[in-house]
Every structure is written in C-alpha cells, then in structure tokens.
Amino acid sequence: MSITASVADHPAHPPTSGLAMLIAAAGVVYGDIGTSPLYTLKEVFSGHYGVQPTHDGVLGILSLVFWSLIWVVSIKYVLFILRADNQGEGGIMALTALARRAAAPYPRLSKVLVLLGLFGAALFYGDSMITPAISVLSAVEGLQLAFDGIDHWVVPLSVVVLVALFLIQKHGTARIGILFGPVMALWFVILGALGIHGIMQRPEVLQALNPAWAVQFFVVHPGMGVAILGAVVLALTGAEALYADMGHFGRKPIARAWFLLVLPGLVLNYFGQGALILGNPEAVRNPFYLLAPSWALLPMVALSTLATIIASQAVISGAFSLTRQAIQLGYVPRMFIQHTSSQEQGQIYIGTVNWALMVGVVLLVIGFETSGALAAAYGVAVTGTMLITTLLASAVVLLLWKAPRWLAIPMLLGFFVVDSLYFAANAPKIFQGGAFPVIAGVALFVLMTTWKRGRNIIVERLDEAALPLDLFIASVQTQPPFRAQGTAVFLTARSDAVPHALLHNLLHNQVLHEQVVLLTVVSEDQPRVSPSKRFEIEAYGGGFFRVTLHFGFIEEPDVPQALSLCHRDDLDFSPMRTTYFLSRETVIATRRIGMARWREHLFAFMLKNANSNLKYFKLPLNRVIELGTQVEM
Numbered sequence: 005m006s007i008t009a010s011v012a013d014h015p016a017h018p019p020t021s022g023l024a025m026l027i028a029a030a031g032v033v034y035g036d037i038g039t040s041p042l043y044t045l046k047e048v049f050s051g052h053y054g055v056q057p058t059h060d061g062v063l064g065i066l067s068l069v070f071w072s073l074i075w076v077v078s079i080k081y082v083l084f085i086l087r088a089d090n091q092g093e094g095g096i097m098a099l100t101a102l103a104r105r106a107a108a109p110y111p112r113l114s115k116v117l118v119l120l121g122l123f124g125a126a127l128f129y130g131d132s133m134i135t136p137a138i139s140v141l142s143a144v145e146g147l148q149l150a151f152d153g154i155d156h157w158v159v160p161l162s163v164v165v166l167v168a169l170f171l172i173q174k175h176g177t178a179r180i181g182i183l184f185g186p187v188m189a190l191w192f193v194i195l196g197a198l199g200i201h202g203i204m205q206r207p208e209v210l211q212a213l214n215p216a217w218a219v220q221f222f223v224v225h226p227g228m229g230v231a232i233l234g235a236v237v238l239a240l241t242g243a244e245a246l247y248a249d250m251g252h253f254g255r256k257p258i259a260r261a262w263f264l265l266v267l268p269g270l271v272l273n274y275f276g277q278g279a280l281i282l283g284n285p286e287a288v289r290n291p292f293y294l295l296a297p298s299w300a301l302l303p304m305v306a307l308s309t310l311a312t313i314i315a316s317q318a319v320i321s322g323a324f325s326l327t328r329q330a331i332q333l334g335y336v337p338r339m340f341i342q343h344t345s346s347q348e349q350g351q352i353y354i355g356t357v358n359w360a361l362m363v364g365v366v367l368l369v370i371g372f373e374t375s376g377a378l379a380a381a382y383g384v385a386v387t388g389t390m391l392i393t394t395l396l397a398s399a400v401v402l403l404l405w406k407a408p409r410w411l412a413i414p415m416l417l418g419f420f421v422v423d424s425l426y427f428a429a430n431a432p433k434i435f436q437g438g439a440f441p442v443i444a445g446v447a448l449f450v451l452m453t454t455w456k457r458g459r460n461i462i463v464e465r466l467d468e469a470a471l472p473l474d475l476f477i478a479s480v481q482t483q484p485p486f487r488a489q490g491t492a493v494f495l496t497a498r499s500d501a502v503p504h505a506l507l508h509n510l511l512h513n514q515v516l517h518e519q520v521v522l523l524t525v526v527s528e529d530q531p532r533v534s535p536s537k538r539f540e541i542e543a544y545g546g547g548f549f550r551v552t553l554h555f556g557f558i559e560e561p562d563v564p565q566a567l568s569l570c571h572r573d574d575l576d577f578s579p580m581r582t583t584y585f586l587s588r589e590t591v592i593a594t595r596r597i598g599m600a601r602w603r604e605h606l607f608a609f610m611l612k613n614a615n616s617n618l619k620y621f622k623l624p625l626n627r628v629i630e631l632g633t634q635v636e637m
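In the numbering used here, each residue carries its 1-based index in the sequence shown increased by 4.
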C-alpha cells in the first residue's frame, strides 16, 4: 500500500554478490506487495462485490490479478519506470524533480507537474497509515481460525504490535534490518510452495493465465468488472516501492528479485488460493490461511505477522525518507532529523512524522476493526499516485528524453488507461471510508503548498526593503566602519542584496568583520552534488565575498564542513574565527495581497515551530548570532 519506500534501512554499501543483492531487495522492496495475498482474494469474494466463487468467477478474477501484476508491476514499473532515475535515485519526489526539469521551458506546465507531484507525495502519507493497519490486522486475524472466541482480542493485539513497531523506530532498524531479506525470501518460497500444493489439487486454475478469462469476466459482468478492480488493486500494493528503492539496490537487482522470486511466489499463491476456492467455496472466508495445512496454521500466523511488520517498517522508513527530500526541496518545514547509525547515512528518524503516523494507524485499527473494512477503504490514494506517476513519467519521456512519439505515446496511453480504470473503480470508496487517506493527503498538500508559498512571500517582502549590494559595498569603502578580526557568515537567499542580519549588526554594533561572507545554500533537483561542484566563490573586494553552496535533495547540508573545503588565502573559515549570523523572521498576517488570511496564520504557526537554521545547517551553537525581523504577509 505504500507508494514509496525507504532508503532509511538500506545499507550505504550493499552486498556485492548477485544472490545477496536479490535477497536484500526482496526483503526491503517487496515486503508490502509480498503480504498482499493475505487479504486480496478474501476481499474479492467477500460478498459486497457480488463475485461468486464459481468456476468462471474464480478464473476471471485470477486472470485479472495475474495480468494486472504483469502490466502494472512487471511492464510499467520494472521495465519502464525504473529507467526514469534521477542520478540513480527513484521515488515520486525524484520523479517530480525530473519532470520539473523537463518542463522548464514551459513554466505553466512545470507548475502543474510540481503540484501533481506534491499531491502524490501527500497521498503517500495518508495511504501509509492504512498499510501497517491492514497488514498487521490481516496477519493477526489468522488466530481466529486457530482459537475460538478470540475475535475480540484481534484489535488489541494488533495495536500492541503496531505501537511496539513505532516505539523501536528511534533506536534504528539496522539489527532487525539484517533479517528482512532472509525472512522475506523464506516468505516468498513458502508462498510458492503452498500455491503449488493447492494447484496440484485443481490444476485447471492454470487456465486463468489466458487473458481471455479476464476479458470474458468484463463482458459477462460489465458493471461488476470495473468495480471489482477496486479489490484487485490490493494485489498491486507497494508497486511504487521498487522504484523508490532503486537508489540503494539498482535497477537490475530489483528487477531480478521480482522476476525470479517475488512474481513466481505471488502468482503461485494466488492460483493456489483459487484452486482451494474451486474445491471448497466456503474457503473464501480466509483462503490464505486455509491453504496451509492445519498443523502449520500457527507458524504461518507468526511468519505472516513478521512479514507484515517488515512491510510496515518499509512504509514508516519511507515516510522519513520522503520527508527529508521534501524538506530539502523546500516544501516541508525543517524538522529535527536524528541519525540512527554511525555507518549508514540513510538510516534516519524523524519523531514528528513517527508519532503522527502512529496515532493515525492506531485510530484506523480501532475505528475499522477488521482488515476487510480497511480494504474497503483502501485504493483511492494509491491508484491516484499510480496515475500521477504515469503523468510525470510522460513529461520526462516526451520532453526530457525526447523519445520517438510513435513508440512512446501508445505505451503511455496504455498505462494511462489502465491507471484511470483502477482509479475510477476505487473512487466510490471515498464514501465507504476511503475518504481518510484522501482527506489526509489534501490536508498535507495544503500544508506543503502553504509553506512553499509563504517562504516565497517572505523573500518578496524582504526584497522590497533590500539594499543593493554594490551600493552598500561602495558606501562602506567611502565611510569604513571598524573592522573586527575573523570571518562573519551571513545566510541569505538573495545574491544581489544585503542580508537584513548584516544591516542590523552594523546598525547596532557599528562593526564589520575583516571577511564578510554572504552565503546562499541551494538545494538542487538532483539527489547528490559532486564535491567539485559543491561551492562557488565570488570576491567583491574590500573583504566581501559571495559563497554559494549546492546540495542534492537527499543530502544533509553541513555548512561548516562544506566551508572547510574552501581553500583560499584571503578566506579563513577556522572554527574559532568564524561567526554565523542568522535572521529569524516573525510573520504578521495582514490584508496585503499574498495568501488567504487563514493560510497566513497557518504559515505563521508552521514557521514558529519549524526547526531553526542553526540545527538544520549543523552550525556550531557557540558561534551563532540570531537577529529577528518582522515581516508583514
């Protein structure tokens, strides 16, 4: 159910052997889609869709599931979308950056694509709350088959498992991450083995490999055919994960894991469940667990719970990763990011995101109570994101790659039509509980756009009263103030104006440092910036310098470390000789043209609670001076 996945739990230096890479990719990338057999067919035949567990009904559904996995996951994501990498990085934020670059000559189109990408990212947070809830609930529900009268314990046990999962996040997941690959590899092998056992009982289910059964299902049940896609989409949960994790595993290991291990295991298990339903229609109440021998029920519940924890872990860590990218690109207020590993930079923890997700997940479990109820609410957000991914990729293919249109357009139209059908099938779920991820996504979209627009307005307001830099330097040379020893670094977004902190310091203290550095930190549309392109230096004379630092959107801007790499005889960034001057803005909502008043108040609240530049840029606490500025919105 996640639309992105974590780079947080992946080793910075992945294993080199092909088998080790395949197992690692299977554990981290496919945890979510790998647990879909727990509830997909159970939901399809639950009753409210009207699909009967007859011979034609089962074969039609199996054919739909199989060809959805082939077209959406295998062809669209593995063979196509994985090629849309941003310097090896994937995920919807990386794709949005690529699309913005592709549409740069068309400002209006670029703005629309960025808004689409932001909305897709916002939907992820809402949908990522459903993923742990439905996965863990569906695993724990297996206990109902083993013990009578345990129904009322399913929700409390699920809440305990989920709360424990969120509590361990701040300690890092390196240790349990070692188990991810082997456990999920075992999971897919067992899925396939159980599926083979079921198929051997009713081998006629293999007829569903023929797409004619899917077509016949639509012809015989035209209305139901589209609606049932709202349940079939459960088999595609986590399809975006394999794209988001490309940066740490590479395209080939992810593709090999899919075709050699994950896809065979999933298909065999779905067909095995279908064979079981053909032989015993009453098995639709929980075909996954009933496919296993009775003696293996409790071990399967334990393994399923562990697998769903792994799937949930990927979503939670993915939220941390996506948040860091959004912060770097300027769409989310700065938050405190804690590193949970001294060796692996990708392992991070963001407390605000963690606790917000935990509250949402626990409320979902308590509110919906069963995986079936949650499945009825699931699909709107993830299919919306699939559709957005296709639109963003279309801009990249046509405008950036300039692929032959005779080849690209038919393929892109095929992706668009299928994604649109899935989205249309899930849209009615908005009125069946599916409004939750959509409302959460819309709320987060408003927050992100408000933050971005508010920051732009602040820059505009400060520019109105800004003093031209060349005029200021000329006046200083005409009437030089007292020059103190050392280097003063003033952070500013403008390259041609004097920072307000510099003016306030000169006005109140009547002093300038020997070296005055106007520092601008730029976040690029690419994930990383090479050290050779990290900084640009321009000398204005009279001890004034302009320094521009460039960071990628997955890098953490360590300003002192970057400045230490600057080797110039006339610039000294020694820690004890360098002072950093920051400007802290206080927003005052007014009737000036800018944003709606409620958005201005919202932005002011977000700005007040945002992490300071001091922590974000890793500035030394004892070498920073903050000067306040009031800004009317």
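Every residue gets a Cβ at the ideal spot worked out from N, C-alpha and C, and that includes glycine.
Check	Outcome
As assigned by DSSP and simplified to three states, the class of H175	helix
Y620, DSSP secondary structure in three states	helix
Minimum C-alpha distance to G61 - residue among G278, V401, N90 and L171	G278
The region 207-214 contacting the region 42-58, beta-carbon criterion three pairs below 8 Å	no
Cβ contact (3+ pairs, closer than 8 Å) linking the region 440-460 and the region 473-488	no
Start and end residues, beta strand (DSSP E) containing Q530	Q530 -> no beta strand (DSSP E), and no H or E assigned at all.
Residues that DSSP places opposite V635 in a beta bridge	V591
Close-in-space but distant-in-sequence residues of the same chain around A150 (CB under 8 Å, 5 per side omitted)	L301, L302 and V305
Separation of V357 from A323, as counted between CA atoms	7 Å
Counterpart residues of E630 in DSSP-defined beta bridges	L586
Contact set for Q205: own chain, Cβ-Cβ below 8 Å, skip 5 residues either direction	A279, L280 and G283
CB-CB length for V628 against L611, believed under 8 Å	Not really, about 19 Å apart at Cβ, beyond 8 Å.
Residue burial classification, K406 (beta-carbon count within 10 angstroms, cutoff 16)	exposed
Length of the line joining the Cα atoms of H80 and L267	According to the sequence shown, residue 80 is Lys rather than His. C-alpha separation (whole angstroms): 14 Å.
Alpha helix (DSSP H) segment containing F222, residue limits	A216 to V224
Per-residue DSSP class, three states only, for V336	coil
With 16 other Cβ atoms within 10 Å as the buried cut-off, status of Q347	A caution first: Q347 carries a pLDDT of 48, below 50, which makes its placement in the model unreliable, though a value can still be read off. With fewer than 16 other Cβ atoms within 10 Å, it is exposed.
From L569, I74, T552 and E560, residue whose alpha carbon lies closest to that of R532	E560
Buried versus exposed, by CB contacts within 10 Å (16 or more), N613	exposed
Segment contact flag, the region 433-449 with the region 590-609, C-beta cutoff 8 Å, min 3 pairs	no
Span of the alpha helix (DSSP H), counted from its first residue to its last, around L141	P111 to V144
Uninterrupted alpha helix (DSSP H) stretches inside the region 19-89 (no shorter than 4 residues)	22-33, 35-38, 44-48 and 59-72
Euclidean distance between Cα positions of A9 and E468	Confidence at A9 is low in this model, with a pLDDT of 34, below 50, so its placement is unreliable and the value that follows should be read with caution. Their backbone Cα atoms lie some 42 Å apart in a straight line.
With 16 other Cβ atoms within 10 Å as the buried cut-off, status of F263	exposed
Straight-line gap, G632 to L102 (C-alpha atoms, nearest Å)	37 Å
As assigned by DSSP and simplified to three states, the class of Q347	At Q347 the pLDDT is 48, less than 50, meaning the model places this residue with poor confidence; the figure from the coordinates comes in the next sentence. Residue state, collapsed to three classes: coil.
Buried versus exposed, by CB contacts within 10 Å (16 or more), V164	exposed
Nearest candidate by alpha-carbon position, reference V48, set V230, P297 and I96	V230
Candidates G269, T394 and P109: closest to A412 by CA position	T394
Cβ shell of G364 (< 6 Å), same chain only, five flanking positions each side left out	M133
Close Cβ partners of R603 (< 7 Å) along its chain, the five nearest in sequence each way excluded	T454
Backbone CA spacing between L569 and Y247 [nearest angstrom]	34 Å
DSSP state of T524 mapped onto helix, strand, coil	strand
I37 and T241 closer than 8 Å at C-beta	yes
Own chain, CB closer than 7 Å to N509, minus 5 neighbours either side, in chain order	F585 and L631
I258 versus L272 - alpha carbon distance	20 Å
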